[in-house]
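Numbering (the numbering used here), first residue to last: 8 to 247.
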């Protein structure tokens, strides 16, 4: 493996268009890329294809890396590789969820939150099916759709003019830097309180959905969504 100084030197050369430097970086970091793509095996995408997609994410990391952030290149590259693979699976790969199903899932989440506030319990599948006038199976499929992998480039789970999660954080930033680049800064993560830090870590480092985080924290998915947006706004204000 290359040491940190040699890696930064090669990244600088690659950003200036040195094709050989890019090749060396990919070859030397091939074990890192392969370790990342292992988690996506058996999801309907060939291993060789996963590797090529991972390399695309790695090349994007080379292009966008900023040494002044004082974060290891590998720390920055890993989430970029993960994001590229997830984006492929969402847009072109085997994992696809229709807009109608996503919309129904959002409506269900809102209704569940209202129902729990009124009845002090979760509605049953049958009650949800009756309310939305669809089959119980469609309710289950819609609810399960929230467990599909997402990345920071996925659409927001609300009507936000087709904005993605990363757009929400970057909308007032002049340089439009990648959010993963920001979240990689350990001192900022450490500045959050325990609950907020847990939400960010689970969401963006452990790839948990809002529904999964809600179950772990014993709150509703809607509450997680609101907290997440609030935390991201707070992070953005610290980075401006």
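Glycine included, each C-beta is placed from N, C-alpha and C at the ideal position.
Please read all numbers here as calculations on a predicted model, not as lab measurements.
Rounded distance between the beta-carbons of residue j and residue i, thought under 8 Å
i           : j           : result
residue 43  : residue 96  : That pair is no contact at about 14 Å.
residue 119 : residue 130 : 6 Å
residue 72  : residue 65  : With 8 Å as the limit, residue 72 and residue 65 do not qualify as a contact, their Cβ atoms being about 10 Å apart.
residue 139 : residue 111 : 7 Å
residue 60  : residue 91  : 6 Å
residue 210 : residue 235 : 6 Å
Beta carbon of residue i nearer than 8 Å to that of residue j
i           : j           : result
residue 199 : residue 238 : yes
residue 229 : residue 206 : no
residue 74  : residue 15  : yes
Cβ shell of residue i (< 7 Å), same chain only, five flanking positions each side left out
i           : result
residue 142 : 136
residue 125 : none
residue 116 : 228 and 229
residue 220 : 206, 209, 210 and 231
Collapsed DSSP secondary structure at residue i in the structure displayed
i           : result
residue 236 : helix
residue 21  : helix
residue 82  : helix
residue 122 : helix
residue 33  : helix
residue 112 : helix
residue 47  : helix
residue 248 : Residue coverage of the chain in this structure runs from 8 to 247, which leaves residue 248 outside it and unanswerable.
residue 127 : coil
residue 215 : coil
Residue i beta carbon near the ligand GTP (any heavy atom closer than 7 Å)
i           : result
residue 199 : This structure simply doesn't include the ligand GTP, nor any ligand for that matter.
Beta-carbon contacts of residue i that lie in its chain and below 8 Å, excluding the five residues immediately before and after
i           : result
residue 10  : none
residue 48  : 54 and 57
residue 133 : 143
residue 85  : 39 and 43
Beta-carbon proximity list for residue i, same chain, < 6 Å, skipping 5 on both sides
i           : result
residue 122 : 130
Below-8 Å beta-carbon distance, residue i vs any chain C residue
i           : result
residue 224 : The question asks about chain C, but that chain is absent: this structure has only one protein chain.
- Would you say the stretch 13-22 touches the stretch 30-38, given that touching needs at least three Cβ pairs under 8 Å? yes
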